[in-house]
Each structure stands twice: as C-alpha cells, then as structure tokens.
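The sequence shown finishes on residue 434 if you use my numbering, and the numbering steps up by one all the way, no holes.
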Amino acid sequence: MKVSEPALYIHIPFCISKCHYCDFFSLGGNSAVSDAYVEALCAEIRERAEAAGVEKWTSVYVGGGTPSLLSCEQLGKISDTVKKSAFLDASCEFTIELNPDDITKELLQALENCGINRISVGIQSFCDKALNFSRRRADSLKNENALKLIKQFWKKRFSVDLICGLPFESQESFLSGLEKAISYNPDHISMYSLTFEEETPFGKLLNQNKLDYDFEFSDSLWLIGRDFLESKGYLQYEVSNFSKPGFESLHNLCYWNHKSYIGAGSGATGTLYFSDGSAFRYTNKTDIAEYIKGPLNCSLDEKIDTKTSVIEFFMMGLRKISGVSEGAFKLSFGKKASFSESVKELALKWQKKNLCQVNYGGDGEKGDFSFTLGKSGIIYLNRFIVELLSLLEGE
Ligand code: SF4
Numbered sequence: 040m041k042v043s044e045p046a047l048y049i050h051i052p053f054c055i056s057k058c059h060y061c062d063f064f065s066l067g068g069n070s071a072v073s074d075a076y077v078e079a080l081c082a083e084i085r086e087r088a089e090a091a092g093v094e095k096w097t098s099v100y101v102g103g104g105t106p107s108l109l110s111c112e113q114l115g116k117i118s119d120t121v122k123k124s125a126f127l128d129a130s131c132e133f134t135i136e137l138n139p140d141d142i143t144k145e146l147l148q149a150l151e152n153c154g155i156n157r158i159s160v161g162i163q164s165f166c167d168k169a170l171n172f173s174r175r176r177a178d179s180l181k182n183e184n185a186l187k188l189i190k191q192f193w194k195k196r197f198s199v200d201l202i203c204g205l206p207f208e209s210q211e212s213f214l215s216g217l218e219k220a221i222s223y224n225p226d227h228i229s230m231y232s233l234t235f236e237e238e239t240p241f242g243k244l245l246n247q248n249k250l251d252y253d254f255e256f257s258d259s260l261w262l263i264g265r266d267f268l269e270s271k272g273y274l275q276y277e278v279s280n281f282s283k284p285g286f287e288s289l290h291n292l293c294y295w296n297h298k299s300y301i302g303a304g305s306g307a308t309g310t311l312y313f314s315d316g317s318a319f320r321y322t323n324k325t326d327i328a329e330y331i332k333g334p335l336n337c338s339l340d341e342k343i344d345t346k347t348s349v350i351e352f353f354m355m356g357l358r359k360i361s362g363v364s365e366g367a368f369k370l371s372f373g374k375k376a377s378f379s380e381s382v383k384e385l386a387l388k389w390q391k392k393n394l395c396q397v398n399y400g401g402d403g404e405k406g407d408f409s410f411t412l413g414k415s416g417i418i419y420l421n422r423f424i425v426e427l428l429s430l431l432e433g434e
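Now the structure itself:
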C-alpha cells in the first residue's frame, strides 16, 4: 500500500560521549560519522521512498545521537538525497538537532545552503554543576556562545531543549537558565522532566541508592518553569513542548497526530498508516555494521492491527493540549468510525473533576465530540491512559 505524503526522520546514532541520563540509541566515542553510514542512510531513504510511493515529504527531521557530527559534505549528500527522493517544498519544515559545542558560523551557513530551515539546540541547562554531573560536553559558557552564534548567523527558526530537574539544579539556577535561553528569542522550547531509565548511569545510581533525588521538587520546578514560559508567550501545546503561536514543531505533531512517517538509519522506526485503519511499522536494528551492509535488510517488521492503532491514536493525541477529536479519528479510521460510548463517558467523568474539557463542535451532543485533558489534566495523562486502556482493551 502507498503512503504519498509522510514525514521523514533520519537517525544519526553517534556521539562523542554519552550523557549520563540519556537512553537514546547512540554510540559514544565517535567524533565523526563514517561515509559508509551516510551511504547506507541515503540508500535507505531512496528505497523506502520508492517502495512507499512517496510523492512529497511533509517534514524532515535529522536527530540523534549527534547530527552535528556530520561534515558539511555529508549534510549536503543527505539533503540532496532527500530532495531527489520526493518533492520537498522550500517552506517544508526541515530540522536538525545540534550539540552546542559543534556550532560554528560555517556549520550554520552549511545548514542553510542545504535547505535546512530549523535547528534544535540541546542546551539542557546553564548550571555548570548539573551539566558536569550529567557529563554534558558543553558547559554554560559554551552553551551561551552557541546561542550568540545563532543570534548572529542564523535567521531561521530555532528551538532550545532544556531538562528540568537535573541533579544540582536549584530553582534559582533553573529559572535564570530559562530566562537566559529566552533572551536569545527561540521560537520553540522543549522542556523535559528528567527521567531515570534503568540502563543509564543516572538510573543505576538511583537504583543503588547512590543518588539523593527529590522528585517532588523536580515536579514543582517543572510547573514553575511552565508558568514562567507561558508568562513569556511560549504556549504549551504538548506535554513537554512550548512555542510562540504558529511555531509548533510540525514534525513532532505528525507523531502526535497519528500521521505516517518514514524512519531511516540504524535504530530508526517508521510507521505507515493505511486507510483501512491498520498500519505497518518497522524498526531498524541497532547493529551499525549490519545496517551498513544492508540497510533494507535489517528491520523488524510488524503489522499494527486497528485496535492497537486506535489505542496509539489516543495515547499520542492526548499528549497535545488540543487533545483528540472524532473528526481526526474519522480521518484515520474511516468515515464511519466514532469514539465509543465508554471513551466519551470517561472524558465526561474527568470533566467533572475539572481535569478534562469536552466539546461538541457547536452541534450539541450530535456534533464532533472532542476532548482535551488541558493544562490541569495533562499532568495526570498517565493515569488517564491507564483508565482508557482498560476500557479499550475490553472492547
Ligand atoms: S543526550 Fe544527546 S549528546 Fe548526550 S548521549 Fe544522548 S544523544 Fe548523545
């Protein structure tokens, strides 16, 4: 089956060193990306685009790992391949993640020459003790120098990533860091809560009781940060994402809106949704040597049945402040599809607790049913999903 207008995600799984909180698939100890990997990546983009019948990319995102380890030539090769594999409108959102200490005037110029029009910079914090303990490459000075270079030499869209609640971060240091980031006028800010994944050094420290961590403080800090960002005109549109109006990340919205995307690169995932409500998902193995040998022969493929796809529709859609609507549900699952009565009842039950807002699209109770957990309910998203799952799995 064909998917004519998906998004494209490109994975660069290499880092100079591993940060102690990070559980993304990336290999530390790499200060460059091999040409063989880039060749394999380009072959995969071409072949997957052709196999899926892609006519146009709706957004492109180069993530990692550390994509800013790519040379200017490699960046040019990848962007040429993307443009040749399907139509890419010049205004199409084309993002790359950058590590602050890789940013130079020359790199920013090369990105622009490639048609990249949005950068996402992993600042994470301005607290040196927190950065050092997390084994971030850049300290606060390098972070600030990167933002100065962006201010001087980058005239297109840019986003800043921050982590809330790193060990040694205080309320004062966190808020002054937020203020500093905002002073460079990014149009988008991702503010993630620190999570402890078992296999990371931070996760291990916590499990061995070697890290004294105050989760309540971290949660309260996130709420203070959220209110601060909103007071400065950065509106929350997803659990961890804030933007000035009109500057939401279109690429990430594709995941939350249940739209098809092709993934390329070792460890990348792609999901293609079909009009009958089913979907096809593949996940490339994380063995780089195997990937280079045969980028199209190292994926684990799965068919996603309609029931699972419906569950994912709610799990991803409810991450957005705009929530989910029956109109969007019909676009994904067909004109006759509608929210089940039990889902509607759950939304109405949460509305009574002031943790959900239900709308009928102006047509009274026969209208397009939509609901959102809103800013107050989204904090309890996981609890809502648990209740929702027990309903959907029983249907
Ligand atoms: S946070 Fe980024 S730079 Fe650090 S290890 Fe993970 S992918 Fe690499």
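Ideal Cβ positions, reconstructed from N, Cα and C, are used throughout, including at glycine.
Owing to the predicted nature of the structure, the values given are computational and were not obtained by experimental measurement.
Next on the checklist: So Phe-423 and Gly-433 are supposed to be a Cβ contact under 8 Å. How far apart are they, rounded?
Outcome noted: Residue 423 sits at position 384 when you count from the first residue of the sequence shown. Residue 433 sits at position 394 when you count from the first residue of the sequence shown. Wrong, their Cβ atoms sit about 16 Å apart, outside the cutoff.
Checklist entry - beta strand (DSSP E) containing Leu-274: first to last residue? => result Along the sequence shown, one-based indexing puts residue 274 at 235. Taken as a continuous stretch (DSSP letters only), the beta strand (DSSP E) holding Leu-274 covers 274-277.
Checklist entry - To which residues of the same chain is Asn-398 closer than 6 Å at the C-beta, ignoring the five residues directly before and after it? => result Within the sequence shown, residue 398 is the residue found at index 359, counting from 1. Excluding positions up to five away in sequence, the list reads Ser-409.
Item to check | Where Phe-126 falls, given that 16 or more other Cβ within 10 Å makes a residue buried | outcome: Sequence index remark: in the sequence shown, residue 126 carries index 87 (1-based). Counting Cβ neighbours within 10 Å, Phe-126 comes out exposed, since fewer than 16 surround it.
Checklist entry - How about Lys-144 and Leu-108: are their beta carbons less than 8 Å apart? => result Looking up residue 144 in the sequence shown gives position 105. Looking up residue 108 in the sequence shown gives position 69. No, these two residues do not count as a Cβ contact at 8 Å.
Next on the checklist: Nearer than 7 Å: is that true of the beta carbon of Gly-304 relative to any heavy atom of the ligand SF4?
Outcome noted: By 1-based counting over the sequence shown, the position of residue 304 is 265. No; taking the cut-off as 7 Å, the Cβ of Gly-304 has no heavy atom of the ligand SF4 nearer than that.
Checklist entry - Among Gly-333, Met-355, Asn-156 and Ser-361, which has the Cα closest to the Cα of Asn-421? => result On the sequence shown, position 382 is the one that residue 421 refers to. It is Met-355 whose Cα lies nearest to the Cα of Asn-421.
Checklist entry - What residues are listed by DSSP as bridge partners for Lys-359? => result Taking the sequence shown and counting its residues from 1, one reaches residue 359 at position 320. Its beta-bridge partners are Glu-277.
Next on the checklist: To test your reading of the DSSP string, which unbroken beta strand (DSSP E) runs of 3 or more residues are found completely within the region 176-217?
Outcome noted: 196-203
Checklist entry - Would you say the region 235-252 touches the region 213-222, given that touching needs at least three Cβ pairs under 8 Å? => result no
Next on the checklist: My output table needs one value for Lys-95: the three-state DSSP class, helix, strand or coil.
Outcome noted: Here residue 95 is taken as the residue at index 56 of the sequence shown, counted from 1. Lys-95: strand per DSSP, three-state reduction.
Next on the checklist: Once the 5 residues before and after Ser-279 are set aside, which same chain residues still bring their CB inside 8 Å of it?
Outcome noted: Your numbering for residue 279 matches position 240 in the sequence shown. Taken in chain order, the residues that qualify are Ser-229, Met-230, Tyr-231 and Ser-232.
Checklist entry - Going by DSSP, which residues form a beta bridge with Val-397? => result By 1-based counting over the sequence shown, the position of residue 397 is 358. Paired residue(s): Phe-410.
Next on the checklist: Does the distance between the C-beta of Thr-105 and the nearest non-hydrogen atom of the ligand SF4 fall short of 7 Å?
Outcome noted: Counting from 1 along the sequence shown, the entry for residue 105 is found at position 66. Yes; taking the cut-off as 7 Å, the Cβ of Thr-105 has a heavy atom of the ligand SF4 nearer than that.
Item to check | Distance, Phe-372 Cα to Thr-105 Cα | outcome: Taking the first residue of the sequence shown as 1, we reach residue 105 at position 66. Taking the first residue of the sequence shown as 1, we reach residue 372 at position 333. Their backbone Cα atoms lie some 36 Å apart in a straight line.
Checklist entry - For Ser-164, which of Gly-154, Lys-298, Gly-264 and Lys-122 has the nearest alpha-carbon? => result Here residue 164 refers to the residue found at position 125 when the sequence shown is read from its first residue. It is Gly-264 whose Cα lies nearest to the Cα of Ser-164.
Checklist entry - Relative to the C-alpha of Glu-351, which residue among Ser-173, Cys-54 and Cys-293 is closest? => result As a working note, residue 351 is residue 312 in the sequence shown. Considering only alpha carbons, the answer is Cys-293.
Checklist entry - Beta carbon of Cys-54: closer than 7 Å to some heavy atom of the ligand SF4? => result As a working note, residue 54 is residue 15 in the sequence shown. It does: the Cβ of Cys-54 is within 7 Å (strictly closer) of some heavy atom of the ligand SF4.
Next on the checklist: Check whether the region 294-308 and the region 43-63 touch, using three or more Cβ-Cβ pairs below 8 Å as the test.
Outcome noted: yes
Next on the checklist: Determine whether the beta carbon atoms of Val-363 and Leu-357 lie at a separation below 8 Å.
Outcome noted: Stepping through the sequence shown from its first residue, residue 363 is reached at position 324. Stepping through the sequence shown from its first residue, residue 357 is reached at position 318. Yes; because the gap between Cβ atoms is below 8 Å, this pair is in contact.
Item to check | Strand pairing of Phe-133, partner residues [DSSP] | outcome: In the sequence shown, counting from the first residue as 1, residue 133 sits at position 94. In the DSSP output, where bridge partners are listed per residue, Phe-133 has Val-99.
Next on the checklist: For Ser-288 and Ser-212, which I take to be in contact (beta-carbon distance under 8 Å), what is that distance rounded to the nearest angstrom?
Outcome noted: In the sequence shown, residue 288 corresponds to position 249, counting from 1. In the sequence shown, residue 212 corresponds to position 173, counting from 1. Actually they are not in contact, since the Cβ atoms of Ser-288 and Ser-212 sit about 26 Å apart, beyond 8 Å.
Next on the checklist: Suppose contacts are defined by Cβ-Cβ distances below 8 Å. Is Ala-169 in contact with Pro-334 by that definition?
Outcome noted: Along the sequence shown, read from residue 1 onward, the residue named residue 169 stands at position 130. Along the sequence shown, read from residue 1 onward, the residue named residue 334 stands at position 295. No, Cβ-Cβ distance for Ala-169 and Pro-334 is not below 8 Å.
Checklist entry - Between Asn-138 and the ligand SF4, is the CB less than 7 Å from at least one heavy atom? => result Walking along the sequence shown from the start, residue 138 turns up at place 99. Checking the Cβ of Asn-138 against the ligand SF4 gives yes.
Checklist entry - Less than 7 Å between the CB of Ser-65 and some heavy atom of the ligand SF4, yes or no? => result The residue given as residue 65 occupies position 26 in the sequence shown. Indeed, a heavy atom of the ligand SF4 lies less than 7 Å from the Cβ.
Item to check | Of the listed residues Lys-116, Asp-344 and Lys-41, nearest to Ser-73 (C-alpha basis) | outcome: For the purposes of this step, residue 73 is identified with residue 34 of the sequence shown, where counting begins at 1. Of the candidates Lys-116, Asp-344 and Lys-41, the one whose C-alpha sits nearest the C-alpha of Ser-73 is Lys-116.
Checklist entry - Would DSSP call Asn-421 helix, strand or coil? => result On the sequence shown, position 382 is the one that residue 421 refers to. Helix at Asn-421.
Next on the checklist: Let me confirm a value: Asp-200 is counted as buried when at least 16 other C-beta atoms fall within 10 Å, else exposed. Which label applies?
Outcome noted: Sequence index remark: in the sequence shown, residue 200 carries index 161 (1-based). Buried, by the Cβ-count rule.
Checklist entry - So which of Leu-412, Leu-114 and Glu-365 has the shortest CA-CA distance to Leu-387? => result Reading the sequence shown from its first residue, position 348 is the one you call residue 387. Selected option, being the one with the closest Cα: Leu-412.
Checklist entry - Would the C-beta of Gly-161 count as close to the ligand SF4, meaning under 7 Å from any of its heavy atoms? => result Indexing the sequence shown from 1 puts residue 161 at position 122. Under cutoff, so the answer is yes.
Next on the checklist: Looking at the strands, I want to know which residues DSSP matches up with Ala-46.
Outcome noted: Along the sequence shown, one-based indexing puts residue 46 at 7. Ala-46 is bridged to Tyr-300.
Item to check | Close-in-space but distant-in-sequence residues of the same chain around Phe-64 (CB under 8 Å, 5 per side omitted) | outcome: Counting from 1 along the sequence shown, the entry for residue 64 is found at position 25. Result list for Phe-64: His-50, Pro-52, Gly-104, Ser-305, Gly-306 and Thr-325, in chain order.
Checklist entry - What are the complete alpha helix (DSSP H) segments, minimum 4 residues, inside the region 229-292? => result 240-246 and 254-270
Checklist entry - How would you write the range of the beta strand (DSSP E) that Val-160 sits in, first residue to last? => result As a first step, residue 160 must be located in the sequence shown, where it is residue number 121. Note, Val-160: beta strand (DSSP E), 157-163.
Checklist entry - Going by C-alpha distance, which of Leu-427, Ile-155, Cys-395 and Ser-317 is nearest Phe-353? => result On the sequence shown, position 314 is the one that residue 353 refers to. Comparing Cα-Cα distances from Phe-353 to each of Leu-427, Ile-155, Cys-395 and Ser-317, the minimum goes to Leu-427.
Next on the checklist: Using a 10 Å radius around the Cβ and a threshold of 16 neighbouring Cβ atoms, would you call Ser-70 buried or exposed?
Outcome noted: If you number the sequence shown from 1, residue 70 lands on position 31. Exposed, because fewer than 16 other Cβ atoms sit within 10 Å of the Cβ of Ser-70.
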